[in-house]
């Protein structure tokens, strides 16, 4: 088992690589009923928050990768963190999150991604983003 990342310390020391690695941290615990829960979700959400506050130019790309996390809470945190960013990777990542969450039935992520996409000025949005927003309007 990998040691639990100290996200606050990594953020304070501006350790981008450590924060990006924290996005992959899992800590599975078995419950009394035999099911498993990932205690690492909190670490990954905290890492997203720290990366969102970072001025590192690689932060948006790292956060974008968290849109594919298995935990809805992490995906929602990633969408929220990307909402006000304008790096080139953001719009296509949010569009992809919208489309994939639509296919899996994750309504919360789908709605948050659409909201974030709607905040992007259409004059600067990629054609894919424009098509996704227009497609949603037809429903």
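Residue numbers (our numbering): 49 to 187. We put the beta carbon where it would ideally sit given N, CA and C, even for glycine.
- Counting only the Cα atoms, residue 54 lies some 22 Å from residue 116.
- It is roughly 26 Å from the alpha-carbon of residue 144 to the alpha-carbon of residue 85.
- In the DSSP assignment, the residues bridged to residue 78 are 84.
- Under the three-state reduction of DSSP, residue 57 is assigned to helix.
- In the DSSP annotation of this structure, the continuous segment of the alpha helix (DSSP H) that includes residue 146 starts and ends at 138-152.
- Assigned with DSSP and collapsed to three states, residue 167 falls in coil, not helix or strand.
- Residue burial annotation: residue 167 is exposed, with fewer than 16 other C-beta atoms found within 10 angstroms of its C-beta.
- The Cβ-Cβ distance between residue 138 and residue 108 falls below 8 Å.
- Here DSSP, grouped into helix, strand and coil, assigns residue 157 to helix.
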